[in-house]
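Per our numbering, residue 140 is the first one in the sequence shown, and the count goes up by one each step. Beta carbons: idealized from backbone N, C-alpha and C, even for Gly. The block underneath contains the structure these notes are about, expressed in structure tokens.
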Amino acid sequence: MISSSTVVNSVVEKLRTALARGQWRRGEMLPGQRELAEQLGISRPSLREAVTVLETLGLVRSLPGKGVLVLDAETAVPDLPVESAAQASLADVLELRYTLEPFIVGLVAQSANNQEIGQLRLTLMDMREALDAEDSEAGAKAYIALHEALFALTTNPIFQSVVQQTGDALKQSASMLRNSPEHLAARLKENEAVVRAIRERNSALASAQMRQHILAEGQRMGIELNIPDDQPGQ
Numbered sequence: 140m141i142s143s144s145t146v147v148n149s150v151v152e153k154l155r156t157a158l159a160r161g162q163w164r165r166g167e168m169l170p171g172q173r174e175l176a177e178q179l180g181i182s183r184p185s186l187r188e189a190v191t192v193l194e195t196l197g198l199v200r201s202l203p204g205k206g207v208l209v210l211d212a213e214t215a216v217p218d219l220p221v222e223s224a225a226q227a228s229l230a231d232v233l234e235l236r237y238t239l240e241p242f243i244v245g246l247v248a249q250s251a252n253n254q255e256i257g258q259l260r261l262t263l264m265d266m267r268e269a270l271d272a273e274d275s276e277a278g279a280k281a282y283i284a285l286h287e288a289l290f291a292l293t294t295n296p297i298f299q300s301v302v303q304q305t306g307d308a309l310k311q312s313a314s315m316l317r318n319s320p321e322h323l324a325a326r327l328k329e330n331e332a333v334v335r336a337i338r339e340r341n342s343a344l345a346s347a348q349m350r351q352h353i354l355a356e357g358q359r360m361g362i363e364l365n366i367p368d369d370q371p372g373q
């Protein structure tokens, strides 16, 4: 089952609005999953995905066996010390990407105009040219440029802040595959599928394709991502 990014995005915005107006205050717990899902009229997998986004933004914290704790809005999107990013493992990097990038491309599929999509396709052409020239260095740069372009297309300022603070994460993971033409070919095919879904305005498919891409990145690096069993796209 693939949760619609349109639904998840709507739920995130509803919960952010409720938190902003104080429906649940700092230190309180959100209602249980079943109750909250019924209130919002969505499935529990969609709710869990929305909560994951809110947790990434620093608005809530999931406490195993207890529920979801509301945090102070001032703690959202804290500045990350340089040394914390430097200590992150490649598995940490991919888990972060798995949390953020599928949701971001789902938003982009809803909002990108034809010119912006055209720029994404040009970057894919750069990857194709690098592959044909067997230039892995240029391929890695084009790959990074594509994902940075996707980040830039989201209009959510909080996502922009998170992306800026973790900008080295993508470069760190991409550098692992720099010298492998086979990996560049696989990356190109997977990212072509993402951009094709964006061009078709298929938000759910774009998100699913990005999940598959990041899981494949983990496999190419020999990393098994630690993600919930009920997450879509596995």
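What residues are listed by DSSP as bridge partners for residue i?
{"i": "residue 208", "result": "168, 200"}
Under the assumption that residue i contacts residue j (Cβ atoms under 8 angstroms), give the Cβ distance between them as a whole number of angstroms.
{"i": "residue 156", "j": "residue 191", "result": "Incorrect: roughly 18 angstroms between the Cβ atoms, too far for contact."}
{"i": "residue 285", "j": "residue 263", "result": "7 angstroms"}
{"i": "residue 266", "j": "residue 281", "result": "4 angstroms"}
By alpha-carbon positions, which one of the options ends up nearest to residue i?
{"i": "residue 277", "options": "258, 319, 244, 249", "result": "319"}
{"i": "residue 259", "options": "292, 357, 187, 229", "result": "292"}
{"i": "residue 204", "options": "360, 327, 172", "result": "172"}
{"i": "residue 356", "options": "342, 340, 184, 328", "result": "328"}
{"i": "residue 326", "options": "290, 202, 294, 275", "result": "275"}
{"i": "residue 294", "options": "341, 243, 340", "result": "243"}
Give me, in chain order, the residues of the same chain whose beta-carbon lies closer than 7 angstroms to that of residue i; leave out the 5 immediate sequence neighbours on both sides.
{"i": "residue 129", "result": "This structure cannot settle anything about residue 129, because the visible part of the chain is limited to 140 through 373."}
{"i": "residue 181", "result": "146, 150"}
{"i": "residue 332", "result": "348"}
{"i": "residue 189", "result": "147, 150, 151, 154"}
Buried or exposed: where does residue i fall if 16 or more other Cβ atoms within 10 Å of its Cβ makes it buried?
{"i": "residue 174", "result": "exposed"}
{"i": "residue 248", "result": "buried"}
{"i": "residue 273", "result": "exposed"}
{"i": "residue 168", "result": "exposed"}
{"i": "residue 330", "result": "buried"}
{"i": "residue 279", "result": "buried"}
{"i": "residue 345", "result": "buried"}
{"i": "residue 186", "result": "buried"}
{"i": "residue 261", "result": "exposed"}
{"i": "residue 193", "result": "buried"}
{"i": "residue 196", "result": "buried"}
{"i": "residue 213", "result": "In this prediction, residue 213 scores a pLDDT of 48, lower than 50, which makes its location untrustworthy; the coordinate-derived value is nonetheless stated afterwards. Looking at its Cβ environment, which holds fewer than 16 other Cβ atoms inside 10 Å, residue 213 is exposed."}
Closer than 8 angstroms by C-beta to residue i: which residues in its own chain qualify, once you throw out the five before and the five after it? Chain order, please.
{"i": "residue 256", "result": "334, 337, 338"}
{"i": "residue 234", "result": "364, 365, 366"}
{"i": "residue 209", "result": "158, 163, 164, 165, 166, 167, 168, 169, 198, 199"}
{"i": "residue 324", "result": "270"}
{"i": "residue 340", "result": "248, 249"}
Ordered along the chain, which non-local residues of its own chain (more than five positions away) have a Cβ less than 6 angstroms from that of residue i?
{"i": "residue 358", "result": "none"}
{"i": "residue 183", "result": "172, 176"}
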